[in-house]
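Residue numbers (my numbering): 51 to 342.
These notes concern the structure reproduced below.
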Amino acid sequence: MLIGILAAVFAALAYGTASVLQARGAQSVDDTGAGPGEAPSLRSTIAAMLTVAFIAGMALDGIGFLGNLVAARMIPLFLAQPIVSANLVVTVVLATVVLKARLSQRDWTAIGVVVVALVLLGFAAGDEGRKHEWWLHWAVLVAAVVILGLGAAILPRMQSRVAVLAGLSGGVLFGVLAVAVRVLDGLDPFDLGELLTDPALYAIILSGPGGFYMFTVALQKGAVSAASASLVVGETVVPGVVGIVVLGDTVRAGWGPVAVIAFVAAVVGAVVVAMSPVVEQVERAGENAPVA
51 MLIGILAAVF AALAYGTASV LQARGAQSVD DTGAGPGEAP SLRSTIAAML TVAFIAGMAL
111 DGIGFLGNLV AARMIPLFLA QPIVSANLVV TVVLATVVLK ARLSQRDWTA IGVVVVALVL
171 LGFAAGDEGR KHEWWLHWAV LVAAVVILGL GAAILPRMQS RVAVLAGLSG GVLFGVLAVA
231 VRVLDGLDPF DLGELLTDPA LYAIILSGPG GFYMFTVALQ KGAVSAASAS LVVGETVVPG
291 VVGIVVLGDT VRAGWGPVAV IAFVAAVVGA VVVAMSPVVE QVERAGENAP VA
């Protein structure tokens, strides 16, 4: 379990640092071709993507994704996903140093709640479930297709709450990805034929880019706070419940109430952090380049 927890923490650190580095890279590029409130020019976007900071951020995103995959395989999802979602904590703390942002007392309190809650979850977590019902491999693929299809059909026609729904959809897709990683066959032991014929593999291929796409739509259509908070809820609650109810993730004997309280506190704390103006500052700074 220790390796899985370390992988989740590493993913959170990588994702959180990546966001700040990409924002730093975007801020370092002057866009003389766009007026106030206008979209950045293609030239400035390309220039931002070619900065050392932005490239380093993209590399960290890839490394963080690998850590997320390892964590989803090795520890209960109700522990893995909240830890990974704590990347927002890393983002806002680093932003105070790199981007000279300032955190409010509410932000610091929420950060403290998240840290304590995750420590308690670590103590409360039992073994990860190893149930591999055949239908679940198809269910994650169907879920990814349905969520992306409905999002593409409904979101362009909505007049309000687009950020909330798109952010939530992106979060659920990341949750689907975590479940798909857990049930994926052909990894241990490695069997290429089994891997390529498992529907869960294609759920992963759809859910990863699909989640980033939905979150990008959310950022473009509404407040960063609404988009980020919805993302946190989707990527933690859904896989956490599926992990316990369907996959068989367990809690240590006698630690059930502690696990429930800690999980709720971790999610609520992460949502509060997501609504911080500092997250808004980081994400808006990154609008000169693709969202991380």
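Every residue, glycine too, gets a C-beta built ideally from N, C-alpha and C.
Taking the Cα positions, serine 275 is about 7 Å away from valine 329. Counted as a single uninterrupted DSSP element, the alpha helix (DSSP H) harbouring aspartate 157 occupies residues 155-174. If you check the CB distance, alanine 194 and alanine 122 do not come in under 7 Å.
The stretch 214-253 is shown to contain no whole beta strand (DSSP E) run of 3 or more residues. In this structure valine 142 is in contact with valine 323, their Cβ atoms being roughly 6 Å apart against a cut-off of 8 Å.
Each residue's CA atom was taken as its position, placing valine 332 and glycine 243 some 43 Å apart. With a cutoff of 7 Å on beta-carbon distance, valine 164 and alanine 320 are scored as near each other. Under the 8 Å Cβ criterion, the stretch 176-188 counts as touching the stretch 288-299, having at least three qualifying pairs.
With contact defined as three or more Cβ pairs closer than 8 Å, the stretch 113-127 and the stretch 260-271 are not in contact. Under the 8 Å Cβ criterion, the stretch 131-141 does not count as touching the stretch 299-310, having fewer than three qualifying pairs.
Restricting attention to alpha helix (DSSP H) runs no shorter than 4 residues, the stretch 95-138 encloses them at 102-124 and 127-135, ordered along the chain. Taking a contact to require three or more Cβ pairs closer than 8 Å, the stretch 225-236 and the stretch 283-292 qualify as touching. Here valine 292 is not bridged, per DSSP, to any residue. Remark: C-beta atoms of leucine 129 and glycine 221 do not approach each other more closely than 7 Å. For alanine 316, the enclosing alpha helix (DSSP H) has its first and last residue at 306-324. Apart from the 5 residues on each side of it in sequence, alanine 250 sits with its Cβ closer than 6 Å to the Cβ of His187, Val190, Ala230, Val233 and Leu234 in its chain, given in chain order. Annotated as distal: alanine 160 and alanine 151, with beta-carbon spacing of 7 Å or more. Just so you know, the alpha carbons of glycine 75 and leucine 171 end up roughly 35 Å apart. If you check the CB distance, alanine 167 and alanine 312 come in under 7 Å. Per the coordinates, the alpha-carbon of isoleucine 255 lies some 13 Å from the alpha-carbon of valine 192. For the pair glutamine 72 and glycine 107, the CB atoms are nearer than the 7 Å cut-off.
Apart from sequence neighbours up to five positions away, the residues of its chain that approach valine 139 with a beta-carbon distance below 6 Å are Ile161, Val164 and Val323, ordered along the chain.
The bridge partners DSSP lists for valine 301 are Ala175.
Judged by DSSP secondary structure, leucine 191 falls within the alpha helix (DSSP H) whose first and last residues are 184-204. In the structure shown, arginine 207 falls within a helical segment according to DSSP collapsed to helix, strand and coil.
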